[in-house]
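Protein chains in written order, with the numbering used here: chain A, 1 to 240; chain B, 1 to 240.
A virtual CB, placed ideally from N, CA and C, is assigned to each residue, including glycine.
Report on one structure; see the data block that follows.
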DNA sequence: TAAATGAGAGAGAACGTTCTCTCTTTTTTG
DNA sequence: CAAAAAAGAGAGAACGTTCTCTCTCATTTA
């Protein structure tokens with residue numbers, strides 16, 4: 001029960017008077033209403049995320065989420081049909097953000113740098129508060145929460161499987177390319193290397209080293225060493 | 001609601017009729033009564049573990065645990081004062097088992113072998129069912145559950161901190177010794193290596209590779225590569 | 001027979017969810 | 001364009017269920 005609610009709907013009235021009465025079904029998709037709905041969903045998701053970080057998926061109650069969002073249960077349930085739905089949505093976006101970091105991999109010159117940077121990006125992202133100023137709690141907690149939930153919740157498991165499948169594919173493609181370029185030892189089992197690197201990276205992300213005083217720069221050689229160890233690159237790459 | 005319960009108390013009656021009435025206060029500690037109490041506690045803990053693996057700490061209800069243990073709530077609460085207490089006990093023993101694996105580290109000839117074996121032992125242990133025959137679910141789930149709980153439950157966090165502190169000390173001692181023996185590069189930051197190896201190992205344990213079809217032997221070179229990468233041993237050790 | 005043990009009903013709180021009602025905004029109608 | 005109608009959004013009480021834990025009373029054990 002903080003300073004919630006704002007002037008409620010009034011906030012969206014004075015947006016801009018230029019766009020009015022689309023009156024056809026397009027309004028449903030792009031109109032003022034639709035935009036407001038999106039904003040509200042966002043509000044709920046942000047609040048839920050904070051609650052889940054604080055108390056866990058099962059531990060956080062709908063009332064807790066309602067309070068954090070400054071909303072009544074009746075209002076909240078207009079946007080999400082169940083707690084499950086919120087959990088799924090949050091799991092999905094969280095895992096998707098992870099997957100998106102991988103997309104930037106191709107920006108690096110060689111495969112070892114690429115992996116190192118992806119790892120560092122992950123740790124950086126996870127130890128930051130999610131948008132908005134002020135130091136809030138790390139989102140690495142959510143990472144653990146999602147993984148725990150995925151072990152017994154079938155739909156969350158499916159979500160994780162989806163994004164991790166994409167990540168594995170992307171990594172595998174990059175590794176294959178590097179192999180053909182002669183950057184890494186042709187003997188290396190790429191499938192295993194992908195799975196191992198994913199697991200190993202997850203371990204480091206979960207520990208949230210930056211929150212424990214280990215600076216990000218200190219992790220650079222760690223990721224590099226892991227990549228070198230698992231991929232066995234040709235000498236020229238191994239020695240930095 | 002499987003084939004639980006057994007003949008309940010009857011199980012402990014016909015143990016052996018030889019030892020009866022020690023009658024002094026020592027009986028409280030070592031007598032038939034005390035042994036029975038221990039057995040009951042064990043029964044509860046085993047049941048609770050199964051439930052927690054199946055539904056999570058928060059997800060499993062006391063009724064579920066009672067059913068699994070073949071016990072009434074009244075009986076169960078005679079042995080544990082709260083659900084919290086059961087969670088703490090299970091977290092503690094689970095983490096302790098992890099720490100105990102480390103104790104066997106000194107049996108290896110060199111530091112790389114030692115770490116590799118510790119890693120493999122962990123994975124083996126975690127992917128096995130806990131005592132008793134029949135394939136039950138992996139205890140790697142419990143690992144994730146404990147870690148998730150430790151992020152918001154202070155007493156579980158303290159338990160984890162305790163055992164992980166011991167593990168870190170033990171690892172650090174082994175690394176220092178290896179450094180002095182000239183087995184590893186004197187430049188290596190041992191503190192960071194310990195923390196990284198712990199995190200990385202945890203990641204692999206959580207993924208539970210054996211349950212996904214990756215045989216244990218395939219992980220041997222992975223652990224070896226991680227150890228080599230992070231510790232930078234002298235040449236003779238690096239090439240197996 | 002006194003103490004320990006267990007079964008099971010159930011108390012009381014908290015849970016996720018739904019219901020009813022009010023108020024505002026948008027669309028339709030005359 | 002004004003009035004009427006419909007739809008959307010929100011509040012908050014209330015619902016039925018489930019939760020953890022306790023209490024009473026019967027049974028077993030020494």
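| query | result |
| --- | --- |
| Short Cβ contact (8 Å threshold) for residue 60 of chain B with residue 43 of chain B | no |
| Selected residue, minimal CA-CA separation from residue 111 of chain A, among A:197, A:62, A:202, A:50 | A:197 |
| Cβ separation of residue 82 of chain B and residue 210 of chain B, assumed to be a contact under 8 Å, to the nearest whole Å | Wrong, their Cβ atoms sit about 35 Å apart, outside the cutoff. |
| Same chain only: Cβ atoms within 7 Å of residue 206 of chain A, ignoring 5 sequence neighbours per side | 140, 143, 144 |
| DSSP-derived helix/strand/coil call for residue 81 of chain B | coil |
| CB contact below 8 Å: residue 200 of chain B versus chain A | yes |
| Sheet register partners of residue 233 of chain B (DSSP bridge) | B:184 |
| Whole-number beta carbon distance between residue 55 of chain A and residue 152 of chain B, since they are thought to touch under 8 Å | 6 Å |
| Check whether residue 95 of chain B and residue 184 of chain B have beta carbons under 8 Å apart | no |
| C-beta neighbour in chain A for residue 135 of chain B, strict 8 Å | At residue 135 of chain B, the pLDDT of 44 sits below 50, so the modelled position is not reliable and the matter cannot be decided from this model. |
| 4 or more residues per run - each alpha helix (DSSP H) lying fully within the stretch 39 to 110 of chain B | 62 to 69, 73 to 79, 83 to 103 |
| Proximal residues to residue 234 of chain B (C-beta, below 8 Å), its chain only, five neighbours per side dropped | 182, 183, 184, 185 |
| Sequence ranges, alpha helix (DSSP H) only - wholly within the stretch 194 to 232 of chain A, length at least 4 | 216 to 231 |
| Candidates A:75, A:71, A:91: closest to residue 57 of chain A by CA position | A:91 |
| Residue 151 of chain B - DSSP class collapsed to helix/strand/coil | coil |
| Within-8 Å CB hit, residue 72 of chain A to chain B | no |
| Residues of its chain near residue 88 of chain A, where Cβ-Cβ distance is below 7 Å and the 5 sequence neighbours each way are ignored | 155, 156, 159 |
| Near-chain B residues of the stretch 41 to 70 of chain A (beta-carbon distance less than 9 Å), N- to C-terminal order | 53, 54, 55, 56, 57, 58, 59 |
| Contact with chain A by residue 120 of chain B, beta-carbon distance below 8 Å | no |
| Short CB-CB distance (under 8 Å) between residue 148 of chain B and chain A | yes |
| Inter-residue Cα distance where the pair is residue 72 of chain A and residue 85 of chain A | 17 Å |
| C-beta atoms of residue 199 of chain A and residue 119 of chain B nearer than 8 Å | no |
| Through-space distance from residue 122 of chain A to residue 168 of chain B, alpha-carbon basis | 25 Å |
| Proximal residues of chain A, C-beta to C-beta of residue 192 of chain B below 8 Å | 214, 218, 222 |
| Neighbouring residues, chain A, relative to residue 152 of chain B (Cβ below 8 Å) | 54, 55, 56, 59, 141 |
| Proximity test, Cβ basis, 8 Å: residue 155 of chain A and chain B | no |
| Contact with chain B by residue 207 of chain A, beta-carbon distance below 8 Å | yes |
| Buried versus exposed, by CB contacts within 10 Å (16 or more), residue 161 of chain B | exposed |
| Short CB-CB distance (under 8 Å) between residue 86 of chain A and chain B | no |
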